[in-house]
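The working numbering numbers the first residue of the sequence shown as 88 and each following residue consecutively.
Single-structure report; data block below.
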Amino acid sequence: MEDVKDRQDLDGVSLDDRLAAAGMTGMTTAVWAALKPDATFIHDPDGKTHSWGMVNAQANRIVRLLRAKGLKAGDAVALVCSNRAEFVEVLVATQRAGWRITPVNWHLTADEIAYIIKDCEAKAVFCEARVASSEAAVAQCPGLLAKVAIGGPIPGFTNYDEALAGLDGSDIADPTLGNAMMYTSGTTGRPKGVYRAQPMVAPPGIYALRGYDHETSVQLCAGPAYHAAPLAFDVRGAMGAGCELVFLDKWDSELVLKLIAQHGVSHMHLVPIMFQRLLALPEEVKAKYDLSSVIYIVHGAAPCPPEVKAAMIEWFGPVLSEYYAGSEGGAGFVISSEEWLKKPGSVGKRPALLGSKILDDQGNECPTGVPGGIYHQLPPGGGFTYYKDEAKTNANRVGDHFTMGDVGYFDEDGYLFLTGRNAETIISGGVNIYPQEVDNELIKHDAVADSSTVGVPHDEWGEQ
Numbered sequence: 088m089e090d091v092k093d094r095q096d097l098d099g100v101s102l103d104d105r106l107a108a109a110g111m112t113g114m115t116t117a118v119w120a121a122l123k124p125d126a127t128f129i130h131d132p133d134g135k136t137h138s139w140g141m142v143n144a145q146a147n148r149i150v151r152l153l154r155a156k157g158l159k160a161g162d163a164v165a166l167v168c169s170n171r172a173e174f175v176e177v178l179v180a181t182q183r184a185g186w187r188i189t190p191v192n193w194h195l196t197a198d199e200i201a202y203i204i205k206d207c208e209a210k211a212v213f214c215e216a217r218v219a220s221s222e223a224a225v226a227q228c229p230g231l232l233a234k235v236a237i238g239g240p241i242p243g244f245t246n247y248d249e250a251l252a253g254l255d256g257s258d259i260a261d262p263t264l265g266n267a268m269m270y271t272s273g274t275t276g277r278p279k280g281v282y283r284a285q286p287m288v289a290p291p292g293i294y295a296l297r298g299y300d301h302e303t304s305v306q307l308c309a310g311p312a313y314h315a316a317p318l319a320f321d322v323r324g325a326m327g328a329g330c331e332l333v334f335l336d337k338w339d340s341e342l343v344l345k346l347i348a349q350h351g352v353s354h355m356h357l358v359p360i361m362f363q364r365l366l367a368l369p370e371e372v373k374a375k376y377d378l379s380s381v382i383y384i385v386h387g388a389a390p391c392p393p394e395v396k397a398a399m400i401e402w403f404g405p406v407l408s409e410y411y412a413g414s415e416g417g418a419g420f421v422i423s424s425e426e427w428l429k430k431p432g433s434v435g436k437r438p439a440l441l442g443s444k445i446l447d448d449q450g451n452e453c454p455t456g457v458p459g460g461i462y463h464q465l466p467p468g469g470g471f472t473y474y475k476d477e478a479k480t481n482a483n484r485v486g487d488h489f490t491m492g493d494v495g496y497f498d499e500d501g502y503l504f505l506t507g508r509n510a511e512t513i514i515s516g517g518v519n520i521y522p523q524e525v526d527n528e529l530i531k532h533d534a535v536a537d538s539s540t541v542g543v544p545h546d547e548w549g550e551q
């Protein structure tokens, strides 16, 4: 495997140093485009490929288009789009023009999409024609400076390809690092934007730690890119590492195996339900495909039943890396396959840089082994706020720690185990019952494909 740090460009500046500098102005893709303009960057679900040079040029054209429409650094751009190259092109453009991008779940209703577009204060919106609710959603959003349709016509929108045709695709001269504001659904009320005043920039060294090689690595994006984790690990991962990105349109278990074998996929982000569906494939289907290229599967988003994870490690080998965090951030819990096999069910050890603690309902720290609310330390400067919602921001904080509503405990070695969420905890006869612990047992049965434990009111026990 080639060490990126050993590469030198024509000016004698290492690629690693060039990437580090470019990352501070949102120009990472431009570095890869200069190094390998004709190399494939993106494989669309329909098989169409897009080179690094093509994607970089389109991003520059988008910047020029929106600037001509009146957008300035700090403005917001909403993106309602499925997994395809245009998603990445718009993302790249916003990150070098100083704009704040909000990817929107394109499965939402028109009213829900409109709420997010208005709440994030978007000045421009890109909508995919396949999203039937696009026209009705944007009709509720006055004041937009630009409305651009991807993949086909939408009444009242400018066509993406036509709008960019003829514009200058060379790198802009004045890049400014952009930001992103993801929306978290929560358990009650409207979704909230997770706002950070300062953009988060991944250090280039993280890609070497994950085993990336820009000449050979291939990233599979199997989940929707509008979600925080696929966006961070798959899309931004490929952008930062300089590797190929294979987009899946929607989940298909056998197709995932086929794409791994066909493209030599090395890296991917999955969630536990995807594990379960892969494991449920007939043995003869699993045996058809060469999966030896996979060296890194990162997973999170939901607690994974230990039986399921153990089966995945047995199948793929010790290539699974689990994280625990949320759109709001987190202390950075990570656990390797080898470590997890020693601590089955854990999501990792108490991090050293930013602390986490377990608190009871009175705000007291829980003893080892006793479940309570999980609180993560905010980074210097305060981290995130819920956009335009000071009350919700403050409600989830105790001092310099915040909670995402999860419940868990630390064991005697400092490993964190999740047991559920505060909103899901069942109190029966005065005893707290944690749904995840029940689900972990139910899922062991051969006749159970998936499990979700909920509490219902009971006259005698309170809940059952």
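Cβ atoms here follow ideal geometry from the backbone N, Cα and C, with glycine treated the same way.
*asked:* Let me check you understand the geometry: is the CB of H130 closer than 8 Å to at least one non-hydrogen atom of the ligand ATP?
replied: Annotation note on the ligand ATP: not contained in the displayed structure, which lists no ligands.
_Integer-rounded CB distance, given that L357 should sit under 8 Å from I384_ = In the sequence shown, counting from the first residue as 1, residue 384 sits at position 297. In the sequence shown, counting from the first residue as 1, residue 357 sits at position 270. Right, the Cβ-Cβ distance comes to about 6 Å (below 8 Å), so this counts as a contact.
*What are the complete beta strand (DSSP E) segments, minimum 3 residues, inside the stretch 351-433?*
Counting only runs of at least 3 residues, the stretch 351-433 fully encloses the following beta strand (DSSP E) elements, listed from N- to C-terminal order: 354-357, 383-386, 407-413, 416-423.
*What span of residues does the alpha helix (DSSP H) with L152 cover, start to end?*
Locating residue 152 in the sequence shown gives position 65, counting from the first residue. That run of the alpha helix (DSSP H) goes 139-156.
*Pick helix, strand or coil for P190, following the three-state DSSP scheme.*
Locating residue 190 in the sequence shown gives position 103, where the first residue counts as 1. Under the three-state reduction of DSSP output, P190 falls in the strand class.
*Could you have a look at G310 and say whether DSSP puts it in helix, strand or coil?*
As a working note, residue 310 is residue 223 in the sequence shown. Three-state result, G310: coil.
*Which residues share a DSSP beta bridge with R283?*
In the sequence shown, residue 283 corresponds to position 196, counting from 1. Paired residue(s): F471.
_Here's the rule: buried if 16 or more other CB atoms are within 10 angstroms of the residue's CB, otherwise exposed. What is G253?_
In the sequence shown, residue 253 corresponds to position 166, counting from 1. That one is exposed.
*asked:* Alpha carbons only, please: which of L441, S379, P393 is nearest the one belonging to E528?
replied: Start at 1 with the first residue of the sequence shown, and residue 528 comes out as number 441. The shortest C-alpha separation from E528 is found at P393.
*Can you tell me whether DSSP reads L446 as helix, strand or coil?*
Counted from its first residue, the sequence shown places residue 446 at position 359. Three-state result, L446: strand.
*C-beta neighbour in chain C for H130, strict 9 Å*: Included in the structure is just one protein chain, with no chain C present.
*What residue does the beta strand (DSSP E) around A252 start on, and which one ends it?*
In the sequence shown, counting from the first residue as 1, residue 252 sits at position 165. Element bounds for A252: n/a, residue is neither H nor E.
*Contact check, S169 vs P359, beta carbons under 9 Å*: Taking the first residue of the sequence shown as 1, we reach residue 169 at position 82. Taking the first residue of the sequence shown as 1, we reach residue 359 at position 272. Taking 9 Å as the Cβ cut-off, S169 and P359 do not qualify as a contacting pair.
*8 Å Cβ shell around A250 - same chain, five flanking residues per side excluded*: Counting from 1 along the sequence shown, the entry for residue 250 is found at position 163. Contacts found: L152, V235.
*Would you kindly check if the distance between the Cβ of V142 and the Cβ of T116 is under 9 Å?*
Counting from one through the sequence shown, the residue named residue 116 turns up at place 29. Counting from one through the sequence shown, the residue named residue 142 turns up at place 55. For T116 and V142, yes; Cβs fall inside 9 Å.
*Tell me whether G486 is buried or exposed, calling it buried when 16 or more other Cβ atoms sit within 10 Å of its Cβ.*
By one-based count along the sequence shown, residue 486 stands at place 399. The residue is exposed, with fewer than 16 neighbouring Cβ atoms inside 10 Å.
_For M268, three-class secondary structure by DSSP_ = As a first step, residue 268 is located in the sequence shown; it is residue number 181 there, counting from the start. M268 falls in the coil class under three-state DSSP.
_Please classify E477 as buried or exposed, where buried requires at least 16 neighbouring CB atoms within 10 angstroms._
For the purposes of this step, residue 477 is identified with residue 390 of the sequence shown, where counting begins at 1. So E477 counts as exposed.
_Start-to-end residues for the beta strand (DSSP E) that takes in A209_ = For the purposes of this step, residue 209 is taken as residue 122 along the sequence shown, with counting starting at 1. Taken as a continuous stretch (DSSP letters only), the beta strand (DSSP E) holding A209 covers 209-215.
*Given T263 as reference, the closest of K210, S221, G185 once Cα atoms are compared*: Walking along the sequence shown from the start, residue 263 turns up at place 176. Here the closest residue by C-alpha is G185.
*Skipping 5 residues on each side, what residues in its chain have a beta carbon closer than 7 Å to that of K345?*
Within the sequence shown, the letter at position 258 stands for residue 345. Only Y376 meet the Cβ criterion.
*Classification of E425 by the beta-carbon crowding that lies within 10 angstroms, buried from 16 upward*: Here residue 425 is taken as the residue at index 338 of the sequence shown, counted from 1. Its Cβ having fewer than 16 others within 10 Å, E425 is exposed.
_E452 - containing alpha helix (DSSP H), residue span_ = As a position in the sequence shown, residue 452 is number 365, starting the count at 1. Here E452 belongs to no alpha helix (DSSP H), and DSSP marks it neither H nor E.
*asked:* DSSP three-state label for V91, please.
replied: The residue labelled residue 91 in the question sits at position 4 within the sequence shown. In this predicted model, V91 has a pLDDT of only 39, less than 50, meaning its place in the structure is not dependable; the value taken from the coordinates is given anyway. Here V91 sits in helix by DSSP.
*Alpha carbon to alpha carbon, how far is T245 from P466?*
Position 158 of the sequence shown holds residue 245. Position 379 of the sequence shown holds residue 466. Near 41 Å, if we compare the C-alpha coordinates of P466 and T245.
*Unbroken alpha helix (DSSP H) run spanning L102, endpoints*: Taking the first residue of the sequence shown as 1, we reach residue 102 at position 15. Start and end: 102-110.
*Hey, quick one: how far does the beta strand (DSSP E) through R437 stretch, first residue to last?*
The residue you call residue 437 lines up with position 350 of the sequence shown. Looking at the DSSP string, R437 is not in any beta strand (DSSP E), and its letter there is neither H nor E.
_Cβ separation of E409 and W427, assumed to be a contact under 8 Å, to the nearest whole Å_ = On the sequence shown, residue 409 is found 322 positions in, with the first residue counted as 1. On the sequence shown, residue 427 is found 340 positions in, with the first residue counted as 1. Right, their Cβ atoms sit about 7 Å apart.
_Can you tell me whether E296 is buried or exposed? The criterion is at least 16 other CB atoms within 10 Å of its CB, across all chains shown._
Counting from one through the sequence shown, the residue named residue 296 turns up at place 209. The displayed chain sequence assigns Leu, not Glu, to residue 296. Exposed, since its Cβ has fewer than 16 Cβ neighbours within 10 Å.
*Tell me whether R187 is buried or exposed, calling it buried when 16 or more other Cβ atoms sit within 10 Å of its Cβ.*
By 1-based counting over the sequence shown, the position of residue 187 is 100. By the neighbour-count rule (16 or more Cβ atoms within 10 Å), R187 is buried.
*Roughly how many whole angstroms lie between the Cα atoms of D255 and A397?*
Here the question's residue 255 lines up with position 168 in the sequence shown. Here the question's residue 397 lines up with position 310 in the sequence shown. Near 52 Å, if we compare the C-alpha coordinates of A397 and D255.
*Please state if the CB of V281 and the CB of Y473 are separated by a distance shorter than 9 Å.*
Along the sequence shown, one-based indexing puts residue 473 at 386. Along the sequence shown, one-based indexing puts residue 281 at 194. A contact, by the Cβ cut-off of 9 Å.
*Under the rule that 16 or more other beta-carbon atoms within 10 Å means buried, what is G113, buried or exposed?*
By one-based count along the sequence shown, residue 113 stands at place 26. With 16 or more other CB atoms across the displayed protein chains lying within 10 angstroms of its CB, G113 is buried.
*Put D493 into one of helix, strand or coil per three-state DSSP.*
Taking the first residue of the sequence shown as position 1, residue 493 is located at position 406. In the three-state scheme derived from DSSP, where H, G and I count as helix and E and B as strand, D493 is classed as strand.
*With a CB to CB cut of under 6 Å and the five nearest residues on each side skipped, what residues in its chain are close to C391?*
Here residue 391 corresponds to residue number 304 of the sequence shown, with the count starting at 1. P359.
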